[in-house]
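What follows is a single structure, written as structure tokens, with notes after it.
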Ligand code: NA
Ligand code: NA
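Chains as they are written, first to last, in our numbering: chain P, 123 to 567; chain E, 471 to 634; chain Y, 597 to 905.
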């Protein structure tokens, strides 16, 4: 089968199943069963081919679901749920309300700051989205924030995970593309922080355009003594958990994936200390975490083999070869490569995308005269954006799982788009001023 | 159906308990390593397998709660009179998908058992123990989808984008 | 024309994959009009550890993979891991034929050859090595990155082990989650671990056991010309890749030392103890698995052919 037929066939299958309303995980699995029978079935009767293809699908699912890389997802979810259900989150955000006074959209800013910190350190976009989603969205909706003011910043900051170190994906990209790991990691810092600033500015603009989006309800003003007390009792202990997790990672006492479990136990202890932990809210927390964990894992169960099918059938490599085969202006070629990453990113996991594209894109980038570290940062940005690209970015589904009932996929898409636009703007700026990425690494030379 | 629901609930409780155990196990093992003790690298292996078992054990329960994400684009624009019937047809399709999965993942389990396949991590884990969770999960999922075909409720609400 | 589908276990940037792809090009060039091998991709097409089972079941026809990835199904693979012969010697003395035969009976695949042989492992560390009374390194308290292939050996050395994927080792070394790791004499530079690993301990132990396996039913459906061509080319590449890797070993050693890595050697007596410990762990694992699965008669044969006892 020609690559374009294979591509069309596989995409049409999964899109078709999803469009009619089959749950995303089953849509992937159904498309996989058909695709695997055709492409991985080998020789023999249709039954033999089905047995081979679908058997392969089942075997592929084992390592993609049972991997330690996914551990931050359930752990951060659990952490967020415990924070929320024990009322510790409410306590903290009420205190922040009183400390920050009347700044409109303050919880959105808190989300950007918290999201940047967590995504960055945990290195897990999904884990961080899960934590902030389960923690912030209910609190913000309770305070009358419109959905997009809560969802957008979380989706945006989730993607910073791979840009700012520590970032396992950046290390992997540097290894696959034979780049200087340290340089690529450092090159991501300024663009990552810049992107976080863009998000803050975006929120400010959204608050100005639509003051109702983040209602500026009255909060009691507090005396300095009260403020100190609020800070010490209601804010610092919670923040100390975050700081503790950071210290664990920085000191090498725990890997980022392990630290998520420490954070979880930390919040549990805190809830006990504050006398807020009851059997009832503990069960609620575990149940909440279990729901989203299961939903996300089953989608990963399905989509992993879909990635493999795109690769095995030659669909994705055909697309890459085709699109990079033209003799175009360097900037146009850059945008073509960027576009391919976005398209593949809707259906594939990031590791598979790197394995597929790096051997083609980086040599090409070199012949086009690009700085490879700079190109690496752009690649990371594309991977990050594709994670939240409607309709299939995985973070969107995680978000759907953690947000309140009645939140539709459309709400989430609408919320994601302005924050994706920020990333695009950053890509534009990187093209005009490559030094945004390259200045910091150049200091090390 | 009551009986199936009971099984699904028990499996969900198992998944929830596993989640909490995994949390404590990771903290224990990482602490031991940091303090210079060996502990057991099997803890990580079983935490990883835990994720697979959690997903398989809680998925049927989640079907009942409508917790598996789906996209309501088409179902939202269908005429009100036809939408419930269409939703039931889609739930029927989900049953069909699950039954195919039951059959072929079951076959994969038997094949792995016959060949003595193992998943090699810190220990040699018999693969059939891992694959075996799949046919059970998908069979129970099929049973749960049947409530949206024959029961009073439907899977889809037809309300995409109505809320803003 | 016979069409053959193939996948490889490692990403393309590793030298082992480059060898395989060059070998495939060689087969395709010399087999024009007879056989054509289509490489479908690497671990992104079929998961690294799923490839052996995929070739056994006929999902693909040919796979390039370390034998250890399916060592629990074909325990005899450990004879290559703990071998004291080169791939060429094993082919000349009948070891390769026996290896092929057990692959056919146990795993429904043909073992066509042992590629990129002659490459061995070292333990590398971020800190200076400590030694016990017998002169063998003492890894008590050292956090060592683990892998099923050398797990038994590391336990014997008292190390505190942490399992992780190769892709996670860089950050783990950076943060001090682990302070040591084993890897082959070549490839540390590709992975950039030399930024943290500053000491290497000699002697080397074990061998890479990368091979090409071929689904038996697919093999039997090939024309005799195709079979002969593929088998001959793979056998040629055993020698060719062996020679190329010997050069890489010298080159990488020079570069590592230039970048400041210290090569530390144990005394000959201690080296003997150390290497024997490693080899005993591998042969012991093979024996344990054979006792469960049957086929003990191969143990002594393989020991004679691969270990030259
Ligand atoms: Na990060
Ligand atoms: Na994606």
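Think of the CB as a built atom: it goes at the ideal place given N, C-alpha and C, for glycine as much as any other residue.
Span of the beta strand (DSSP E), counted from its first residue to its last, around residue i
i, result
"residue 795/Y", "795-801"
"residue 596/E", "594-596"
"residue 720/Y", "717-721"
"residue 552/E", "From DSSP, residue 552/E is part of no beta strand (DSSP E); its letter is neither H nor E."
"residue 777/Y", "776-780"
"residue 859/Y", "858-861"
Closest residue to residue i among the options (Cα-Cα distance)
i, options, result
"residue 580/E", "385/P, 230/P, 173/P and 143/P", "173/P"
"residue 419/P", "441/P, 337/P and 248/P", "248/P"
"residue 180/P", "448/P, 152/P, 166/P and 201/P", "152/P"
"residue 426/P", "282/P, 460/P and 186/P", "186/P"
"residue 641/Y", "542/P, 417/P, 428/P and 562/P", "428/P"
"residue 679/Y", "826/Y, 854/Y, 882/Y and 829/Y", "882/Y"
"residue 554/E", "143/P, 157/P, 163/P and 298/P", "143/P"
"residue 479/E", "507/E, 540/E and 524/E", "524/E"
"residue 540/E", "319/P, 559/P, 530/P and 549/P", "530/P"
"residue 406/P", "123/P, 256/P and 218/P", "256/P"
"residue 699/Y", "585/E, 576/E and 568/E", "585/E"
Residue span of the alpha helix (DSSP H) that contains residue i, given as start and end
i, result
"residue 710/Y", "Unbroken run through residue 710/Y is the beta strand (DSSP E), 705-710; no alpha helix (DSSP H)."
"residue 538/P", "531-554"
"residue 499/E", "472-504"
"residue 616/E", "603-620"
DSSP beta-bridge partners of residue i
i, result
"residue 662/Y", "806/Y"
"residue 590/E", "594/E"
"residue 739/Y", "756/Y"
"residue 599/Y", "632/Y"
"residue 161/P", "In DSSP, residue 161/P forms no bridge with anything."
"residue 130/P", "Its beta-bridge partners do not exist; DSSP assigns none."
"residue 604/Y", "660/Y"
"residue 733/Y", "727/Y"
Under 7 Å by beta carbon: chain P residues contacting residue i
i, result
"residue 589/E", "184"
"residue 604/E", "180"
Chain-ordered neighbours of residue i on chain E, where CB pairs are closer than 9 Å
i, result
"residue 395/P", "Those within 9 Å of residue 395/P in chain E number zero; the least Cβ separation is about 17 Å."
"residue 176/P", "570, 571, 573, 574, 575, 577 and 578"
Span separating the alpha-carbon of residue i from that of residue j
i, j, result
"residue 289/P", "residue 500/E", "20 Å"
"residue 632/E", "residue 280/P", "Interpretation of residue 632/E is limited by its pLDDT of 36, a score under 50 that renders its predicted location unreliable; no figure is taken from the coordinates."
"residue 802/Y", "residue 744/Y", "13 Å"
"residue 440/P", "residue 155/P", "22 Å"
"residue 192/P", "residue 411/P", "14 Å"
"residue 809/Y", "residue 673/Y", "12 Å"
"residue 806/Y", "residue 498/P", "31 Å"
"residue 912/Y", "residue 790/Y", "Absent from the structure is residue 912/Y, since the part of chain Y shown begins at 597 and ends at 905."
"residue 624/P", "residue 448/P", "No statement about residue 624/P is possible, as the shown extent of chain P runs from 123 to 567 and does not include it."
"residue 273/P", "residue 202/P", "15 Å"
"residue 886/Y", "residue 712/Y", "27 Å"
"residue 558/E", "residue 534/E", "14 Å"
"residue 597/Y", "residue 629/Y", "6 Å"
"residue 617/Y", "residue 552/E", "56 Å"
"residue 659/Y", "residue 548/E", "49 Å"
"residue 430/P", "residue 570/E", "20 Å"
"residue 333/P", "residue 473/P", "41 Å"
"residue 319/P", "residue 590/E", "45 Å"
"residue 634/E", "residue 537/E", "With a pLDDT of 28 at residue 634/E, under the threshold of 50, the predicted position of this residue should be treated as unreliable, though the coordinate-derived value follows. Their Cα atoms are separated by approximately 22 Å."
"residue 754/Y", "residue 707/Y", "35 Å"
"residue 653/Y", "residue 705/Y", "9 Å"
"residue 481/E", "residue 782/Y", "48 Å"
Neighbouring residues, chain Y, relative to residue i (Cβ below 9 Å)
i, result
"residue 412/P", "By Cβ distance, chain Y contributes nothing, its closest Cβ being about 26 Å from residue 412/P, past 9 Å."
"residue 485/P", "Correct list: empty, because the minimum Cβ distance to chain Y is about 11 Å."
"residue 517/E", "Residues of chain Y passing the Cβ test: none, with the nearest at roughly 11 Å."
7 Å Cβ cut-off: residues of chain E touching residue i
i, result
"residue 739/Y", "503"
"residue 386/P", "493"
Cβ-heavy atom distance, residue i to ligand 3, below 7 Å
i, result
"residue 296/P", "Inclusion of ligand 3 in the displayed structure is not the case, the ligand content consisting of ligand 1 and ligand 2 alone."
Neighbouring residues, chain Y, relative to residue i (Cβ below 7 Å)
i, result
"residue 506/E", "737 and 756"
"residue 477/P", "607, 638, 639 and 640"
Chain Y residues whose Cβ lies nearer than 8 Å to that of residue i
i, result
"residue 429/P", "640"
Within chain P, the residues that residue i reaches when beta carbons sit closer than 8 Å
i, result
"residue 564/E", "144, 145 and 148"
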